[in-house]
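Okay, so here's the structure we're looking at.
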Amino acid sequence: MVKKHPSTQFIDKSKSMELPRHVAIGHDVLNDIGEISRALHFRGPALIVVDKTTKRIAGNRVEKLLVSENYDAHQVTIDEADLINMEKVKQEILEIKAKFVLGVGGGRPIDMAKLASFETKKPFISVPTAASHDGIVSGQASIRNKKHKISSKTHSPFAVVADTKIIAKSPYRLLAAGCGDVISNLTAVKDWDMAKKFRNEYFSSSAAMLSELTAKVLLKSAGMIKPRLEESSWLVAKALVSSGVAMCIAGSSRPASGSEHMFSHALERLAPKPALHGEQCAVGTILMMYLHGGDWSGIRSALEKIKVPVTAKALKIEESLIVEALTITHTIRPERYSIMSGGLTYEAAEDLAIQTGVIS
Ligand SMILES: [Zn+2]
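Take the position in the sequence shown, starting the count at 1, then add 28; the result is the number in my numbering.
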């Protein structure tokens, strides 16, 4: 057989990535919101999505700043991340003929702004007021559909404006939960690597490395993450941005969401009052890292240092629900191959929770 010269060989690989174009993190960066919008060539009316709290914390200020840059800016207040509120935001986008949308908040306003802007094909700016999860940068959004929360792929923000002065004033519990969400990258990447080996799934080494490195840097800095320290908000916000970028590179949530996230979703289905997303993912990381044979106790110690809850009691969730959640984790996203894909027996789930100290 005649061997083709390498220069004439056809490479049938292609990849496209949607990354944020402008990321601003730091003290008082909110003041630059008008300038950033101009630099992105956004013209015309802006819709700012807030909830009752974030309106007061930053929404009103964002409106004023945009108006001072001669933008016609309006706010819409949502109270839940569900279909009703998404329709409300979409309606408002159409009514004011918004040319761009800003999500100002922790989770819900950002999710609603992200989804509604995606459906109406408008660019979106993420303005987090807390650093509690990596959705502040990623293209994933969660929405409550009847009983359950579902996650859907939308678009990445055009810009992220994370003001550490504002984030530092948010409740410390949110920041600690954000650390949990970043540290969960460690098991997410292990699950993704398994999927590559067992299912020949697409795997991006650069996305995996960035995601893992981000979690490791945060683990190392665990002693420096403390309440009311703007430096801590800086560390966590930066880590959440890196996690988000890893997801953008991968084109999926794979680098930052594996079996530990499925466990968190399972808990949300069962627990009458679930804990925060990042807190549940953190406990999930300890459990899944035990199954992967990694350093679960090192992760547990770092989380304890940051004051992230690591037991059922600290999560304020009944121990029996932790075990039950472990037995249904494999049913949450069955197409996403992970260490949990085969499922656990009740006895194995109970043993896992006891061995890792999650239940006593
Ligand atoms: Zn997450």
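Quick reminder that beta carbons are idealized off the backbone N, C-alpha and C, glycines included.
Kindly examine ligand 1 and report whether one of its heavy atoms sits closer than 7 Å to the Cβ of C276.
no
Residues that Q383 bridges to, as DSSP identifies them
In the DSSP output, where bridge partners are listed per residue, Q383 has none listed.
Which whole-angstrom value is the C-beta distance of I121 and A101, which I expect to be below 8 Å?
Not a contact, Cβ separation roughly 13 Å.
Judging by CA-CA distance, which residue of A243, L241, K218 is the nearest neighbour of F231?
K218
When the Cα atoms are used, what is the spatial distance from G326 to K254?
19 Å
Would you mind reading off the limits of the alpha helix (DSSP H) that contains V264?
258-278
So what's S348 in DSSP terms, helix, strand or just coil?
helix
May I have a chain-ordered list of the beta strand (DSSP E) segments no shorter than 3 residues that lie completely inside the stretch 48-83?
50-54, 74-78
Per DSSP, which one or two residues make a beta bridge with G251?
Beta-bridge pairing links G251 to no other residue.
Residues near L304 by beta carbon distance below 6 Å, same chain, minus five either side:
A205
Whose CA, out of L295, V336, L214, lies closest to the CA of A421?
Since the first residue shown for the chain is 29 and the last is 388, residue 421 is missing from the structure and cannot be characterised.
Same chain, Cβ closer than 6 Å to A243, neighbours up to 5 away in sequence not counted
V210, I211, N213, L214
Separation of D60 from S96, as counted between CA atoms
11 Å
Quick one: what does DSSP say A236 is sitting in, helix, strand or coil?
helix
Just tell me which of S160, I367, A52, V90 has its CA closest to the CA of G286.
I367
Please classify Y99 as buried or exposed, where buried requires at least 16 neighbouring CB atoms within 10 angstroms.
buried
What beta strand (DSSP E) runs, 3 residues minimum, are completely inside the stretch 112-184?
128-133, 152-156, 168-173, 176-181
Just to confirm before moving on: does the CB-CB distance between G167 and I138 stay below 8 Å?
no
Identify, in the order they occur along the chain, each residue of the same chain with its Cβ nearer than 7 Å to the Cβ of W220, setting aside the five sequence neighbours on each side.
F231, A236, R282, P283, G286
Meets three-Cβ-pair contact criterion under 8 Å: the stretch 262-277 and the stretch 177-195:
yes
Quick one: what's got a C-beta closer than 8 Å to K125's C-beta in the same chain, skipping five residues either side?
G72, P73
Considering Cα atoms alone, identify which of S280, F152, S233, V90 is closest to V117.
F152
Do Y365 and M222 have their CB atoms nearer than 8 Å?
yes
Locate the alpha helix (DSSP H) running through V217, then write down its first and last residues.
213-227
Below 8 Å CB to CB, which residues in the same chain sit around S369 once its five sequence neighbours on both sides are set aside?
H358, P362
Taking 6 Å as the limit between beta carbons, can you name the residues of its chain near L247, skipping five residues before and five after?
A330
Delimiting residues of the alpha helix (DSSP H) encompassing V189
No alpha helix (DSSP H) contains V189, which is instead part of the beta strand (DSSP E) from 187-191.
Check the DSSP bridge columns for Q103 and list the partner residues they point to.
I76
In whole angstroms, give me the CA-to-CA distance for R84 and E346.
35 Å
Determine the direct distance from the alpha carbon of K224 to that of V104, and round the result to whole angstroms.
43 Å
When the distance is taken between beta carbons, is G208 closer than 8 Å to G306?
yes
Does ligand 1 have even one heavy atom less than 7 Å from the beta-carbon of D139?
no
Length of the line joining the Cα atoms of P48 and A187
5 Å
Can you tell me which of the three DSSP states D209 falls into?
helix
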